[in-house]
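Working notes, beginning with the structure itself.
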Amino acid sequence: MASYFSLDWSQENSLFVNIGSVMICALLADIALQVLYERRTADQEQRQWSYSCWRTVRVVIVTGILATIGHKWYNLLDEVYATPSAKDIAAKVVLDEVIMAPFMVTSSIFALRLLEGNNPKRIYHEWKEKFTAIYQSDVLVWPNIQLVNFLVVPALYRDYFISLCTFMWNIYLIHAIHSPSRIPAPKWSVWDKQQRGDLELTSH
Numbered sequence: 000m001a002s003y004f005s006l007d008w009s010q011e012n013s014l015f016v017n018i019g020s021v022m023i024c025a026l027l028a029d030i031a032l033q034v035l036y037e038r039r040t041a042d043q044e045q046r047q048w049s050y051s052c053w054r055t056v057r058v059v060i061v062t063g064i065l066a067t068i069g070h071k072w073y074n075l076l077d078e079v080y081a082t083p084s085a086k087d088i089a090a091k092v093v094l095d096e097v098i099m100a101p102f103m104v105t106s107s108i109f110a111l112r113l114l115e116g117n118n119p120k121r122i123y124h125e126w127k128e129k130f131t132a133i134y135q136s137d138v139l140v141w142p143n144i145q146l147v148n149f150l151v152v153p154a155l156y157r158d159y160f161i162s163l164c165t166f167m168w169n170i171y172l173i174h175a176i177h178s179p180s181r182i183p184a185p186k187w188s189v190w191d192k193q194q195r196g197d198l199e200l201t202s203h
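Just so you know, we're using numbering that gives the first Met the number 0 here: the sequence shown kicks off at 0 and counts up by one.
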């Protein structure tokens, strides 16, 4: 009875379930990236490190917005290509990589950097610097994940498999976007200024 109720609730509230799960994956991915990787890197390079909760907040907000758009997009694909045939599955994968993947990568870069207080011109140059590598990784990774998901993973475990892959992909994506750029960093940003103010308040 409980499992039936959970399944029924998930089906009727798929938008909230899908977006919620994606946001949780983004939350855990950024925390893991900062705590497990960036802190260790800072220790190895003998430089100061501190956890940025505001960065995690920005990542979760942007992920939630883009997940809403993605949910509507996949519903549209399912309506247009409704059969489980290989032709329809291939069409959905191709359209997803040609149309939605570039949009998602571009939106992630611009949205996260805008929320950090960077100016559009600098973000555009950073997008030109990082877009190709991220998009190429997307094209290499996600079609293969979907292929494994449909052909190898039992239907009962497909959502869990995709959630795991999403978590790992988010770690890569967040790292790629926040990796050092050849473009000089701005002298200040709105969010960093807020963080400094918070630190000053807590130090008194």
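Where a beta carbon is used, it is the ideal one built from N, C-alpha and C, also for glycine.
Can you tell me whether DSSP reads residue i as helix, strand or coil?
i, result
"S136", "helix"
"S107", "helix"
"R181", "coil"
"E128", "helix"
What whole-angstrom Cβ distance do residue i and residue j have, given they're in contact under 8 Å?
i, j, result
"I170", "A28", "5 Å"
"F109", "W126", "7 Å"
"A66", "V21", "4 Å"
"T55", "L26", "6 Å"
"Q145", "V104", "Contact doesn't hold; Cβ gap of about 17 Å is too wide."
"P153", "E96", "That belief does not hold up - the Cβ atoms of P153 and E96 are roughly 25 Å apart, past 8 Å."
"S136", "V61", "Rounded, the Cβ-Cβ distance is 18 Å, inconsistent with contact."
"I88", "F149", "6 Å"
"H70", "I18", "6 Å"
"E37", "W53", "Rounded, the Cβ-Cβ distance is 15 Å, inconsistent with contact."
Use the C-beta contact count for residue i: other C-beta atoms within 10 angstroms, 16 or more gives buried, fewer gives exposed.
i, result
"C24", "buried"
"R181", "exposed"
"F77", "The sequence as given places Asp at residue 77; Phe does not occur at that position. Exposed, because fewer than 16 other Cβ atoms sit within 10 Å of the Cβ of D77."
"V58", "buried"
"I98", "exposed"
"Q33", "buried"
"F15", "exposed"
"I68", "exposed"
"L111", "buried"
"T82", "exposed"
"T40", "exposed"
When you measure from the CB of residue i to every non-hydrogen atom of the ligand MN, does any distance come out below 7 Å?
i, result
"S49", "Among the components modelled here there is no ligand, and therefore nothing to report on the ligand MN."
Can you find a CB in chain C that lies within less than 8 Å of the CB of residue i?
i, result
"F160", "This model lacks chain C altogether; it includes just one protein chain."
Requested in this report: Quick one: which unbroken beta strand (DSSP E) runs of 3-plus residues sit fully inside the segment 138-175? Chain order, please.
Outcome: The qualifying runs do not exist here; there are none.
Report task. Just list the alpha helix (DSSP H) runs in the segment 16-102, keeping only unbroken ones of 4 residues or longer that don't cross its boundaries, in chain order. Result -> 38-43, 52-79 and 85-94, all fully within the segment 16-102.
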